[in-house]
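Student:
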Amino acid sequence: MGIAAAPALAQGDAPNAEVASAPPQEGDYLVRASGDDQITPLTPEDITPNSAPLQAWPADSATQTVRNGSYLNLLVLTRWDPAVLSPEGQEYAAGGVVAQSAICTHEGCEVTGWVAESFWMECPCHLSRFDPRQNGAVMQGPAVRKLPALKLKLEEDKIVVAAAFDGRVGGG
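Per UniProt numbering, residue 1 is the first one in the sequence shown, and the count goes up by one each step.
Rendered as structure tokens:
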């Protein structure tokens with residue numbers, strides 16, 4: 001079973017499929033999408049600067065339900081010196097961290113590649129490339145739409161969603 005197909009997780013009450021499938025909401029915190037610790041809220045220090053993205057899910061702060069009930073909620077997080085971010089990227093970043101959808105806008109594949117020389121993310125299906133420093137801008141097609149981005153903020157050093165995606169998530 002792939003990471004995007006993993007069942008919804010929740011702390012406390014039984015998993016809530018509706019909450020787990022809902023798109024990221026203002027106030028959601030972000031958690032790792034894989035590994036041993038998929039519940040602890042992420043901080044900027046959890047993300048290595050200038051390196052390959054970390055996959056994450058949003059989690060509802062009220063119910064602690066991880067929103068992994070839809071693959072469209074999968075995120076890629078990168079961390080940068082704010083000076084290298086575009087003006088829009090700076091507006092969306094928190095602590096130098098930017099968050100984009102991990103779902104390619106061409107055909108809906110998961111963006112998992114990383115081109116270290118250019119700091120671009122790459123979709124393995126058709127090789128579209130995106131620049132996280134430019135708020136997910138397309139650098140090489142066939143994708144024509146940028147990766148949707150989430151505006152972030154810090155609350156007690158935790159990375160939190162400040163606003164919904166700035167565009168439609170997925171391919172087509």
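Every residue, glycine too, gets a C-beta built ideally from N, C-alpha and C.
What does DSSP give as the partner residue(s) for Gly113 in the beta ladder?
Tutor: Stepping through the sequence shown from its first residue, residue 113 is reached at position 113. DSSP output for Gly113 lists Glu122 as bridge partner(s).
Student: Compute the Euclidean distance between the alpha carbons of Gln25 and Glu117, then round it to the nearest angstrom.
Tutor: To locate residue 25, count along the sequence shown from 1; it is residue 25. To locate residue 117, count along the sequence shown from 1; it is residue 117. Those two C-alpha atoms are separated by around 34 Å.
Student: To the nearest angstrom, how far is the alpha carbon of Gly96 from that of Glu45?
Tutor: Residue numbering aside, residue 96 sits at position 96 when the sequence shown is read from its first letter. Residue numbering aside, residue 45 sits at position 45 when the sequence shown is read from its first letter. Cα-Cα distance, rounded: 10 Å.
Student: If I'm right that Asp131 touches Trp120 with Cβ under 8 Å, what's the distance once you round it to whole angstroms?
Tutor: On the sequence shown, position 131 is the one that residue 131 refers to. On the sequence shown, position 120 is the one that residue 120 refers to. Indeed, because the Cβ distance is near 5 Å, the residues count as touching under 8 Å.
Student: Throw me the rounded Cβ distance for the Ala22 and Arg67 pair, which I believe falls under 8 Å.
Tutor: Against the sequence shown, residue 22 aligns to sequence position 22. Against the sequence shown, residue 67 aligns to sequence position 67. Yes, they are in contact, since the Cβ atoms of Ala22 and Arg67 sit about 6 Å apart, within 8 Å.
Student: Looking at Arg133 and Val76, is the spacing between their C-beta atoms short of 8 Å?
Tutor: Translated into positions along the sequence shown, residue 76 becomes position 76. Translated into positions along the sequence shown, residue 133 becomes position 133. No, the pair does not count as a contact, with Cβ atoms beyond the cut-off.
Student: Have a look at Ala143, Gly89, Glu122, Pro53 and flag the residue whose alpha-carbon is nearest the alpha-carbon of Asp166.
Tutor: For the purposes of this step, residue 166 is taken as residue 166 along the sequence shown, with counting starting at 1. Residue Gly89 is the option with its Cα nearest to Asp166.
Student: Hey, how far is the Cα of Pro49 from the Cα of Asp37?
Tutor: The sequence position of residue 49 within the sequence shown is 49, counting from 1. The sequence position of residue 37 within the sequence shown is 37, counting from 1. One C-alpha to the other measures close to 20 Å.
Student: Hey, would you say Val19 sits closer than 8 Å to Thr65, going by beta carbons?
Tutor: Here the question's residue 19 lines up with position 19 in the sequence shown. Here the question's residue 65 lines up with position 65 in the sequence shown. Going by C-beta atoms, Val19 is nearer than 8 Å to Thr65.
Student: Quick one: give me the first and last residue of the alpha helix (DSSP H) that Val19 is part of.
Tutor: Locating residue 19 in the sequence shown gives position 19, counting from the first residue. First-last of the alpha helix (DSSP H) with Val19: 17 to 21.
Student: Distance check for Arg129 and Cys123, CA to CA, integer angstroms please.
Tutor: Sequence index remark: in the sequence shown, residue 123 carries index 123 (1-based). Sequence index remark: in the sequence shown, residue 129 carries index 129 (1-based). If I take the Cα positions, the gap works out to 6 Å.
Student: Given a threshold of 16 other Cβ atoms within 10 Å of its Cβ, counted over all protein chains shown, does Val144 qualify as buried or as exposed?
Tutor: Locating residue 144 in the sequence shown gives position 144, counting from the first residue. Val144 comes out exposed.
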